[in-house]
Amino acid sequence: MLQDFMGTQFKAILFLLFFYSVLAKQNQLSSNLEYQDLLNLRSSLGIRARDWPRKSDPCSNWTGIVCNNGKVTSIKLTGVRRSHKGSLFPQFAVDSLANFTQLTSFNSSGFILLGPIPDWFGQRLSQLKELDLSSSSILGSLPPSLGSMIKLTSLSLSSNSITGTIPTEFGKLSSLKVLNLSGNSLTGSIPSSYSDIGNLTVLDLSSNLLSGPIPIEFGSFHDLKFLNLSNNSLSSYIPAQLANLSQLVELDLGYNYLSGSLPEDFSRLRNLRKLLIENNELEGELPSTLFSNLSLMEYIVLSWNRFAGEIPDVLWSLSHLRILDISGNNFTGVVSNFTNFSVSSASYNLSNNLFFGNEAFDIRNFQSIDLSNNYFQGLAPNNSGIQVMSNCFTGSLNQRSSEDCRKFYADRGLVFVNGSTNGTSQTPAQRSSKSGHTRLLIMVGVFGGLGVLMLLALAILLFLKICYTGNSNERGTSNVSPVVEGDNHAPVKFSSDISGSVESFTYEQILQATSNLNETNLIKHGHTGDIFRGILEGGVPIVIKKVSLLQSEKESYKLELDLLNWITHHRFVPLLGHCLEHESEKFLVYKYMRNGDLFSLLSRDTDLGDENRQSLDWITRLKIAIGTAEGLAYLHHECNPPLVHRDVQASSILLDDKFEVRLGSLSEVCTQEGDNHNLITKFFHMPKNAEGDPTGSSFTSCTYDVYCFGKVLLELVTGKVGISQSDDASTKEWLNKFLPFITIREKELVANIVDPSLILDEDLLEEMWAVAIVAKACLHPRPSKRPEMRRVLKALENPFKVVREGSFNSTRLRTTSLRRSWSVAFLGNWHHSSQDSINASGQTSKEGINLRQSGRVGSHSHSSGNERSSSCKRSSSEIFPEPQETLDIERQDMN
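Residue numbers for the sequence shown follow our numbering, so the first one is 24 and each next one is one higher.
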């Protein structure tokens, strides 16, 4: 009996050994040809030996290699690292792939393959089912041969630099379920032949340069669940045929030029959870039946269109609604009882419309409600979760004028009741006392109003002078240079204690300080005046700018006087005084900056003939970057309306004896385009510079400053002098050549472009890598995608967060955190923001929605209509917040 049992056990063991031996053979590479091809691929891509060791079996020991029956079936380069030598010049060198006849999956997401997709891909890789080349720095156009990969079920080419049009041959990919071409520079129209892809479940063409209408044939995608065409230049109307997409879960058409009305047939999209159509040119009323069947809606974003009329009541009772943004339209009607809102934790943005109402607001547990810039009246809600600026409330500051409110209500046949009294009887003494108080209030109101009008007039004149900058095209020189050398200057009688004071100099004092404006004391010819060095009595060095009114039609000196007297932020060059008594010449006197300007310092770094030169170390460079960002963030975010520097370059960044930044070249400062100054200049027929930067945004937009600052950051990283001074062909060529070396996934790449004079350890290199990522985000070709300067400042203050937070070896964003990773906030915005990362299985992960209210810069952004007073905070000690919290929403596998 025992012998039988032992025999049975022995047979079982033999069977298991045989089974495992067969399985092991299946998982071992049996083809010497494929082994050699893998070695060739290892060599051409420069993969390090630790990931693909030569003396071990690729199927069992090589990272990312999967085999079946002894053949390679899947190659995943995501997570595979290159050797240092391989990182120097990464290329799309994968010719060996053509020999893998059983290859069904190739994934290089996040692995740099600099260059175009080879033409042979479509013919030689005919067995591929999954192809993911996202975030691989791919260049060039899409080869039509990819349309021959008829077994392909998932194609992701997102977040690259692909140009040209979308091949019509892609319509032949009949097995395709996931197609993601987002975050590239594709142009032309969307081929209608895509309608032939009957199994498509995910279609993402967002963040490209596509134009023309949305093909009506898209209505035939009966299995489509996610359609994202946002951030393009699509025009015409929204096809009603999209209502046939009965499985659609998310529809994103935001940031285009779509017109017409919202199709009423959308009420048939019963599975729809997200409807995002912000920043278009849609108009008309919302159909009353539109949302009646959309009970699953979670996100509705219709902001910054031209919708009008009243909001359908059903909108307030959607039980799953989390985000509602209808701001920036012409909606009207009474919205007074917020107890009707079904989800107390939701965020509602109703700002910049024509809503009104006079009942008490009941807001207790709401996460966020923005009612600003409407016509609500009554007692203002006492709740920190509600914004009420520019309404008709009582008990709150920053409201509309009573006259404006009365007119609004009178035009609609309504009564504006704020401030009225009831009809109860009063004693004579009470009436007399009240009469006296009334007269006093009237007098206070009259004189107070006159005072406000005078202040407003002064503010208008100030901003007219700021904006009236003429049409000069010279942008390559600095107004102020603090470089002072030598000590052979005639002294002038003046107190040596001049810190913080602004004096009026005589013409004779100016001549004495500069030795009669001697050419030997000339520093440079600025584009608004000549810059001289000077010495005051007591040996105090100064810098003097001479402005010739005979050569300049605009009195730019007045602009700088007004601006520097208006703001006292420590990041701007101190103005010591002026001389205005000469008829044809005016003089501005500045404090001397011992370390000159950044351009001069970096130029000296590149002077190889100077044996005594001392390179500007990285710690100092980062300090300069942070100081410059502080000054620009003050102009952009603490001044109301925002101010644009317009001349951000290395020669405008002045440095004191401790290398603290003092921004100069302030004669070009102007309020941001789209704010109050546009209306003022139009009213007075003032000329306004309409010239744009190389990427399309106006010189009077804060995004232009961000773009220029990005070039300054690259100068600090690379030591390449002159990048920030021009946008000529050579500069653009340099940017196109070196920007691909900046990626959040390959730190070693940035070592190819860093300043060779710098001595860096591992931490400093990582810090420089982070700054390069921020610079690339600032240089985004689409102005609306560049980060705000306060975000840039926070990133520079915390550079390691840019590269260490989040997972950079996966196509999926972390869903365990409610905060956007710094990498997504910056380099992720290089191609797109809030875009899906779609993996081979069709699963997606998407960031939450960033409810933008300002419209698209440089395109069809809308004016809020607010009349804001012009002001700047006197100083800044604010620590700007980290990127806002958003929801990382994990989609379920829909395939």
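We treat Cβ as the ideally placed atom computed from N, Cα and C, and that holds for glycine. On a predicted model such as this, the values are computed, not experimentally measured, just so you know.
Status (buried if at least 16 other CB within 10 Å, exposed otherwise) for residue i
i, result
"Thr694", "buried"
"Trp641", "buried"
"Thr543", "exposed"
"Ala433", "exposed"
"Glu669", "Strictly speaking, residue 669 in this sequence is Arg, with Glu absent from that position. Arg669 comes out buried."
"Glu608", "buried"
"Arg556", "buried"
"Trp143", "exposed"
"Ala72", "exposed"
"His601", "buried"
"Gly235", "exposed"
"Ile161", "buried"
"Ile135", "buried"
"Lys817", "buried"
"Ser229", "buried"
Cβ of residue i within 7 Å of any chain C Cβ
i, result
"Asp74", "Structure shown: chain C not included; a single protein chain is present."
For residue j and residue i, believed in contact at Cβ under 8 Å, the rounded distance
i, j, result
"Cys801", "Tyr730", "6 Å"
"Met812", "Ala648", "Between Ala648 and Met812 the Cβ distance is about 12 Å, and since that is not below 8 Å, they are no contact."
"Val773", "Ala795", "5 Å"
"Leu319", "Asn294", "6 Å"
"Leu274", "Leu250", "5 Å"
"Ser110", "Glu771", "4 Å"
"Gly380", "Val358", "6 Å"
"Val797", "Leu736", "6 Å"
"Leu298", "Phe330", "So it is not a contact: roughly 13 Å between Cβ atoms."
"Gln748", "Ser674", "7 Å"
Euclidean distance between Cα positions of residue i and residue j
i, j, result
"Pro166", "Asn375", "46 Å"
"Gly418", "Ser157", "54 Å"
"Ile558", "Val671", "28 Å"
"Gln301", "Ser53", "In the sequence on display, residue 301 carries Glu and not Gln. Their Cα atoms are separated by approximately 56 Å."
"Val596", "Leu689", "9 Å"
"Phe416", "Thr723", "34 Å"
"Leu61", "Ser218", "38 Å"
"Tyr260", "Ser282", "5 Å"
"Gln51", "Leu126", "15 Å"
"Thr191", "Ser212", "10 Å"
"Thr86", "Val103", "7 Å"
"Val692", "Glu583", "9 Å"
"His605", "Leu739", "41 Å"
"Leu781", "Thr643", "11 Å"
"Asn303", "Pro286", "15 Å"
Cross-strand partners of residue i (DSSP beta bridge)
i, result
"Cys90", "Val95"
"Gln410", "Asp393"
"Lys297", "Glu273 and Tyr322"
"His601", "Ser527 and Leu611"
"Gln400", "Cys415"
"Val201", "Ser177 and Val225"
"Pro564", "Ile558"
"Ile676", "Leu686"
"Asn251", "Asp227 and Asp275"
"Glu240", "Its beta-bridge partners do not exist; DSSP assigns none."
"Ile70", "Arg105"
Same chain, Cβ closer than 6 Å to residue i, five either side skipped, listed in chain order
i, result
"Glu942", "This structure gives no information on residue 942, because the portion of the chain shown stretches from 24 to 918."
"Arg345", "Glu321 and Ala369"
"Ser284", "Gly307"
"Asn130", "Lys99, Thr101 and Asp155"
"Leu677", "Pro505, Val596, Met616, Asp620, Arg685 and Gly687"
"Tyr371", "Leu347 and Ile392"
"Pro119", "The question names Pro, but residue 119 in the sequence shown is Ser. Taken in chain order, the residues that qualify are Asp60, Asn63 and Leu64."
"Ser182", "Ser157, Ser158, Gly206 and His854"
"Met787", "Residue identity differs from the one stated: residue 787 is Leu in this sequence, not Met. Closer than 6 Å at Cβ, skipping near neighbours: Trp641."
"Ser311", "Pro335"
Sequence-distant residues of the same chain with beta carbon closer than 8 Å to residue i, five excluded per side
i, result
"His245", "Gly221, Asn267, Leu268, Ser269 and Gln270"
Residues of its chain near residue i, where Cβ-Cβ distance is below 7 Å and the 5 sequence neighbours each way are ignored
i, result
"Asn84", "Pro76"
"Gln146", "Ser168 and Ser171"
"Pro822", "Glu790, Ala793 and Val794"
"Asp288", "Ala263 and Ala266"
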